[in-house]
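These notes concern the structure reproduced below.
There are 2 protein chains.
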Amino acid sequence: MTDHPHAADTQRQLQTCISVRDIGSFFVGGEMLTLSGMPHRDRVSTNQGAVHPVDQNGEIIAGQMYVQYIRLERPTGRWPLLLWHGGGMSGVNWETTPDGRPGWQMFFLRSGLDVYVSDAVERGRASWAPYPEVYAEAPYFRTAREAWEETFRFGPAGSWHPDEAARRSHEGVRFPVGRMETFMHQFVPRWATNNARTQHAYDALIASLDTSIILTHSQGGNFGLTAALNAPERVKAVISLEPSGAPSPDDHDAALLRDVPHLFLWGDYLDQHSFWVDSVPNVRHWHDALAAAGTDVEWIDLPARGITGNSHALMADDNSDAIAAIVLEWLRKHSLAA
Amino acid sequence: MTDHPHAADTQRQLQTCISVRDIGSFFVGGEMLTLSGMPHRDRVSTNQGAVHPVDQNGEIIAGQMYVQYIRLERPTGRWPLLLWHGGGMSGVNWETTPDGRPGWQMFFLRSGLDVYVSDAVERGRASWAPYPEVYAEAPYFRTAREAWEETFRFGPAGSWHPDEAARRSHEGVRFPVGRMETFMHQFVPRWATNNARTQHAYDALIASLDTSIILTHSQGGNFGLTAALNAPERVKAVISLEPSGAPSPDDHDAALLRDVPHLFLWGDYLDQHSFWVDSVPNVRHWHDALAAAGTDVEWIDLPARGITGNSHALMADDNSDAIAAIVLEWLRKHSLAA
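Protein chains in written order, with this note's numbering: chain A, 1 to 338; chain B, 1 to 338.
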């Protein structure tokens with residue numbers, strides 16, 4: 001982080017303790033549904049326990065989203081920072097990095113912001129609902145190959161191999177490729193059918209807070225950009241790390257967001273992976289619409305700044321603190337962090 | 001809390017901030033598996049995104065368990081407290097109560113202990129694996145009726161009704177029955193086929209720490225009691241809130257645990273619910289075996305102490321702080337908390 005004016009105090013803060021007022025969690029969204037026609041089953045719930053009958057019919061809850069908050073005794077930023085994960089992931093993305101360093105949750109707490117980490121509908125602690133009874137189809141389980149070669153851009157097409165010694169990665173990649181299995185522990189199943197449910201829950205989260213700053217990753221990007229559109233008066237800023245999508249200017253009025261600064265931040269190798277070649281232009285269109293509407297919007301291409309080798313897992317790469325520091329600097333510039 | 005000598009300082013601590021050294025997470029267990037024969041699918045991953053093909057075959061990870069830790073700047077207890085949830089639940093159980101008060105995670109942090117909250121295999125942030133490819137069968141989704149009438153003992157058989165006004169609860173129950181839906185948000189699917197995987201992960205957690213104190217709820221009970229058996233030298237104490245099962249003295253030698261104090265703690269209405277009528281005797285047998293082996297073991301029947309109305313959700317009942325204070329007092333008596 002020699003290229004950053006706050007390098008010294010960023011290093012210092014990584015050592016310091018924080019005074020915490022409260023740690024807790026809540027859910028937003030969710031509704032009671034009734035299952036019927038499900039078979040009765042007999043279950044043994046614990047080793048050597050008795051067999052007991054289970055009626056699978058009746059009311060269940062579905063569609064809720066989980067939010068864990070950590071509130072500081074004396075936050076120096078006025079608005080909380082919401083960290084929204086990407087597809088096939090949970091809020092764990094923002095915790096300890098795969099190589100064992102403090103993650104962005106801790107970074108921004110140490111920067112003086114209250115931090116809210118959520119698990120979106122169907123992910124992690126938010127739980128998921130039965131299919132095909134509630135969700136229309138089966139989920140996707142992320143494979144190592146898809147993560148390595150497509151979504152996260154650790155290596156080029158054909159470079160994944162189950163045997164670590166036979167695996168290849170991009171020259172200079174900043175992801176700690178030796179910790180691939182540790183990173184895979186964070187994967188959770190995803191569906192492709194729940195965008196409306198998820199947006200509804202994110203909108204409910206924004207509505208439940210006075211005002212907040214949204215920071216998203218990947219699939220979370222479109223949800224964050226849309227949440228800001230749906231409640232611009234409640235959102236102080238939107239920071240999108242490699243969003244995989246964005247609202248279309250054909251359907252949405254970017255002028256609603258004239259007073260909400262936006263930051264887009266991108267890593268390396270984007271032109272070598274078809275998923276990203278297909279995805280970036282949609283986001284660029286929305287960026288351009290925001291800019292045309294007079295929004296304060298910045299598009300950071302890290303390689304163009306001389307910061308090369310970042311994968312899609314920016315918050316897990318070995319320079320994750322340096323990337324977080326760029327975001328912090330942007331927040332300071334907009335008087336959103338002290 | 002008038003019945004407790006530490007009532008005053010417990011009240012005080014609930015207001016105080018805590019100085020935190022680190023918040024983070026890790027996984028234990030987990031192995032790479034290979035899926036084959038799964039159909040190819042086409043997916044749109046974000047609104048208005050491109051269609052892209054998904055190969056569901058290849059390496060995935062399964063069997064990991066999630067652990068979030070919060071470490072204090074100056075813990076006054078020497079050993080961390082591990083909080084293990086029950087069946088169909090995640091670590092969220094230990095966070096904010098359904099009626100919005102700080103949960104046991106925060107209670108024990110404020111009591112000076114480092115706290116580790118886990119999500120067991122197949123639950124919450126630990127993720128789950130496909131069935132029937134990896135898990136043999138489909139999961140169970142907890143119904144409101146099962147929770148209300150059977151497992152959590154909020155009301156007698158036949159008392160659940162989807163319409164809140166028509167719902168009945170036990171006379172004097174301490175669970176905030178008006179927050180039933182909020183509590184249901186914490187439910188996650190469970191399987192009945194993963195005891196071995198889950199025990200393996202809990203044992204790995206114990207092995208990954210020098211020494212720790214285990215505090216379990218419900219289905220977590222048998223895992224905790226067994227984990228202590230599997231590594232008695234690493235476990236300072238086992239606290240079991242209404243365990244649904246226990247090792248059998250016919251198969252296991254309680255004398256291995258002679259130096260590991262055990263606390264069992266029970267709420268009300270146990271004799272009115274067949275699941276509990278069937279489950280308690282197995283636990284009592286293990287308690288008796290521990291006692292016969294000379295283990296320091298205590299069996300607290302809250303109603304016998306005049307504390308009536310506790311449901312199975314002791315950490316969510318409206319006197320959850322008072323129950324936590326009983327546990328804290330027991331820890332202090334055993335020099336495990338200051």
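No residue lacks a Cβ here, since even glycine has one placed at the ideal position from N, Cα and C.
Excluding residues up to 5 positions away in sequence, 59, 61 lie with their Cβ nearer than 7 Å to the Cβ of residue 32 (chain A) in the same chain. Note that the C-beta distance between residue 193 (chain B) and residue 135 (chain B) is below 8 Å.
Scanning its chain for C-beta atoms nearer than 7 Å, with the 5 sequence neighbours on each side dropped, one finds around residue 296 (chain B) the residues 261, in chain order. With respect to residue 116 (chain A), residue 69 (chain A) sits close: the two C-beta atoms are nearer than 8 Å.
Annotation for residue 202 (chain B): the continuous alpha helix (DSSP H) segment containing it runs 195-208. The closest CA to that of residue 253 (chain A), considering only A:197, A:205, A:288, A:126, is found on A:288. Residue 333 (chain A) sits exposed, since fewer than 16 C-beta atoms from the chains shown fall within 10 Å of its C-beta. The beta carbon of residue 279 (chain A) sits closer than 6 Å to those of 244, all from its chain and outside the five residues before and after it, given in chain order. In the DSSP assignment, residue 256 (chain B) falls outside any beta strand (DSSP E) and carries neither an H nor an E.
With fewer than 16 other Cβ atoms inside 10 Å of its own Cβ, residue 19 (chain A) counts as exposed. The straight-line gap separating the alpha-carbon atoms of residue 88 (chain B) and residue 94 (chain B) is approximately 14 Å. Straight-line measurement puts the Cα of residue 224 (chain B) at about 33 Å from the Cα of residue 38 (chain A). Judged by DSSP in its simplified three-state form, residue 56 (chain B) adopts coil rather than helix or strand. Residues of the stretch 36-69 of chain A whose Cβ lies closer than 8 Å to any Cβ of chain B, in chain order: 41, 43, 44, 45, 46, 47, 48, 49, 50, 52, 54, 55, 56, 57, 58, 59, 60, 61, 64, 66, 68. Residue-level contact by beta carbon fails for residue 228 (chain A) and chain B, as no gap is shorter than 8 Å.
Distances from the CA of residue 173 (chain A) to each of A:28, A:326, A:309 were compared; the closest alpha carbon is that of A:309.
Between the stretch 202-211 of chain B and the stretch 144-157 of chain A there are fewer than three C-beta pairs closer than 8 Å, too few to call the two in contact. The beta-carbon of residue 203 (chain B) is placed no less than 8 Å from the nearest beta-carbon of chain A. Chain A places no beta carbon closer than 8 Å to that of residue 239 (chain B), leaving this residue out of the contacts. An exposed status is given to residue 16 (chain A), since fewer than 16 other beta-carbon atoms sit within 10 Å of its beta-carbon.
With 16 or more other Cβ atoms inside 10 Å of its own Cβ, residue 125 (chain B) counts as buried. For residue 181 (chain B), the residues of chain A that pass the 8 Å Cβ criterion are 30, 32, 61, in the order they occur in the chain.
Partner residues in the beta bridge of residue 265 (chain B), as assigned by DSSP, are B:241, B:300. Under the DSSP assignment, residue 184 (chain B) falls in the alpha helix (DSSP H) whose first and last residues are 180-184.
By the Cβ-count criterion, residue 248 (chain A) is exposed, with fewer than 16 other Cβ atoms from all chains shown falling within 10 Å of its own Cβ. Across the structure, residue 273 (chain A) and residue 217 (chain A) are spaced so that their CA atoms are roughly 18 Å apart. For residue 279 (chain B), the uninterrupted alpha helix (DSSP H) segment begins and ends at 274-292. Within the DSSP bridge table, the entry for residue 64 (chain B) names B:29 as partners. With respect to chain A, the C-beta atom of residue 266 (chain B) has no partner C-beta closer than 8 Å.
Distance between residue 151 (chain A) and residue 313 (chain B), taken at the CA atoms: about 41 Å. Residue 338 (chain B) and residue 114 (chain B) have their C-alpha atoms spaced approximately 12 Å apart. DSSP, read as helix, strand or coil, puts residue 134 (chain B) in coil. DSSP places residue 332 (chain A) in the uninterrupted alpha helix (DSSP H) bounded by 320-333.
Interface criterion met: the Cβ of residue 222 (chain A) is under 8 Å from a Cβ in chain B.
DSSP, read as helix, strand or coil, puts residue 79 (chain A) in coil. By DSSP's assignment, residue 119 (chain A) forms a beta bridge with A:66.
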